[in-house]
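Chemist: Position in the sequence shown counted from 1, then plus 16, gives you our numbering.
Here it is, the structure in full.
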Amino acid sequence: MNTPIGGQFVMPDIVVSHFHLREGDLVADFGAGSGFFLKPLSQAVGETGRVFACEIQKVLVEKLGDQARLQGLSNVHPLWCDLEESNGIKIGTNELDVAIMVNTLFMIEDKDTAVAEMGRTVRTGGKFFVIDWTESFAGMGPAPDHVVSAEEATILFEKNGFVFEREYPAGGHHYGLAFRKV
Numbered sequence: 017m018n019t020p021i022g023g024q025f026v027m028p029d030i031v032v033s034h035f036h037l038r039e040g041d042l043v044a045d046f047g048a049g050s051g052f053f054l055k056p057l058s059q060a061v062g063e064t065g066r067v068f069a070c071e072i073q074k075v076l077v078e079k080l081g082d083q084a085r086l087q088g089l090s091n092v093h094p095l096w097c098d099l100e101e102s103n104g105i106k107i108g109t110n111e112l113d114v115a116i117m118v119n120t121l122f123m124i125e126d127k128d129t130a131v132a133e134m135g136r137t138v139r140t141g142g143k144f145f146v147i148d149w150t151e152s153f154a155g156m157g158p159a160p161d162h163v164v165s166a167e168e169a170t171i172l173f174e175k176n177g178f179v180f181e182r183e184y185p186a187g188g189h190h191y192g193l194a195f196r197k198v
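Shown next, in the form of C-alpha cells:
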C-alpha cells in the first residue's frame, strides 16, 4: 500500500512531511496498528526524539516492538493504550509535541472521551494530525454509518480544546486535518 494507485492511498513518507516534525519531538501514533507510519515518524524526530506507538490490541503492541527492533528504530516505544478510558494512555499530561491518528477515529465508540484523553497528552501549542476515510468506497473503507466526516472530526476536536489549523493532502480516499491545542 506504499505505492498509490492514482494517488488514492495514504503514503506515510509524504503525509509525515506535512507534519513538520523536528529533531527531538515527542510524538504519539494513536491506533498505530501495523506500524505503517513508524519508520517515517522515527526518522523525522531523530535520535533525540521519541515515538510512542499506541495500540489497544496487545498482540499488535508486541508486533510493533518486534518491528521497531528489526528496523533499528530505537526511538520507537510500543505502548498499550485504551483511548476510551480516562488515564488509559500511559503518557504524561502535556508531554507530547505532536499526536497523530490514522484510520482510527471511525473505530472509536466513545469519541469524546477518546479525544479528551488523547488531548490530555498533548502540550499547549502542540499539534494533532488526523487522517481518516472520506467515505466507505463500496466497503473498501469503514461501513458507511461509521465514516466520520472531516466536519464531524473538526467539531469533535474543537470542543475538546483544539483549534483547526489547516487541511493537508492525505490521498484520494482520506482527509488530513491539522489541529493545535489551545
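Cβ coordinates follow ideal geometry from the N, Cα and C atoms, glycine included.
Would you kindly work out how many angstroms separate the C-alpha atoms of residue 167 and residue 77, rounded to a whole number?
Modeler: So the alpha carbons of these two residues sit roughly 31 Å apart.
Chemist: Any chance you could list the beta strand (DSSP E) runs of at least 3 consecutive residues sitting entirely within the stretch 123-188, in chain order?
Modeler: Here the runs fully enclosed are 138-149, 178-183.
Chemist: When we look at the beta-carbon of residue 29 and count the other beta-carbons within 10 Å, is it buried (16 or more) or exposed?
Modeler: By the 10 Å Cβ count, residue 29 comes out exposed.
Chemist: Mind the definition here: the stretch 129-144 touches the stretch 95-114 only if three or more C-beta pairs lie below 8 Å; say whether that holds.
Modeler: Flag = yes, the stretch 129-144 and the stretch 95-114 touch.
Chemist: Below 8 Å, can you find three or more Cβ-Cβ pairs linking the stretch 78-93 to the stretch 149-166?
Modeler: No, the stretch 78-93 does not touch the stretch 149-166.
Chemist: What span of residues does the alpha helix (DSSP H) with residue 81 cover, start to end?
Modeler: It spans 74-86 - the alpha helix (DSSP H) in which residue 81 sits, taken as one unbroken run.
Chemist: Could you say which of 75, 158, 80, 101 lies nearest to residue 121 if we only look at CA atoms?
Modeler: Ranking the options by Cα distance to residue 121, first place goes to 158.
Chemist: So, is residue 171 buried or exposed, given that buried needs 16 or more other C-beta atoms within 10 angstroms?
Modeler: Exposed is the call here.
Chemist: Quick test of the definition: if touching needs 3 or more C-beta pairs under 8 Å, does the stretch 89-109 touch the stretch 50-67?
Modeler: Enough Cβ pairs lie closer than 8 Å, so yes.
Chemist: Please name the residue or residues paired with residue 70 in a DSSP beta bridge.
Modeler: 46, 95.
Chemist: Among the residues of its own chain, which have a CB less than 8 Å from the CB of residue 48, if the five just before and after it don't count?
Modeler: So the list reads 54, 69, 70, 71, 76, 80, 94, once near-sequence residues are dropped.
Chemist: State the start and end residues of the unbroken beta strand (DSSP E) segment that holds residue 197.
Modeler: First-last of the beta strand (DSSP E) with residue 197: 190-197.
Chemist: In angstroms, rounded to a whole number, what distance separates the CA positions of residue 106 and residue 187?
Modeler: Their Cα atoms are separated by approximately 31 Å.
Chemist: Using a 10 Å radius around the Cβ and a threshold of 16 neighbouring Cβ atoms, would you call residue 40 buried or exposed?
Modeler: When all chains shown are included, residue 40 counts as exposed.
Chemist: Does the beta-carbon distance from residue 169 to residue 198 come in below 8 Å?
Modeler: It is not a contact, given that the beta carbons lie outside the stated cut-off.
Chemist: Report the rounded CA-to-CA distance for residue 38 versus residue 164, giving the unit in angstroms.
Modeler: About 30 Å.
Chemist: Are the CB atoms of residue 174 and residue 130 nearer to each other than 8 Å?
Modeler: No, Cβ-Cβ distance for residue 174 and residue 130 is not below 8 Å.
Chemist: Based on DSSP bridge pairs, tell me the residues matched to residue 117.
Modeler: 46, 146.
Chemist: Once you ignore the five residues that flank residue 177 on each side, which residues in its own chain have a CB closer than 7 Å to its CB?
Modeler: Closer than 7 Å at the Cβ level, and outside the excluded window around residue 177, lie 135, 197, 198.
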